[in-house]
Amino acid sequence: MNPFQSEPPLTVARYLELEESSGVKHEFYRGQMRVVADMAGTTLQHNRLVRRVANLIEG
């Protein structure tokens, strides 16, 4: 395969098949599999910031 050629996009069926046998969680985006990063829990400071930003947006 030419190193400058991109791989053909995955089909949804192929993605689901690969995801079923994978030990790592992925997401399907524009025909590609991407590893989903683990998300840590939120902190009180984070929740306060989110609330303040939401209040600013809502007016």
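Numbering (my numbering), first residue to last: 279 to 337. Ideal placement from N, C-alpha and C gives every residue a C-beta, glycine not left out. Since this is a predicted model, take the numbers as computed values, not measurements.
Coil, strand or helix - residue i by DSSP
i	result
residue 328	helix
residue 372	The first residue shown for the chain is 279 and the last is 337, placing residue 372 beyond what the model contains.
residue 314	coil
residue 283	coil
residue 288	coil
Residue closest to residue i, alpha-carbon to alpha-carbon, out of the options
i	options	result
residue 288	282, 311, 302, 335	311
CB contact flag (residue i, residue j, <8 Å)
i	j	result
residue 302	residue 290	no
Cβ contact check for the region 306-321 and the region 283-297: 3 or more pairs under 8 Å
Yes: at least three Cβ pairs fall under 8 Å.
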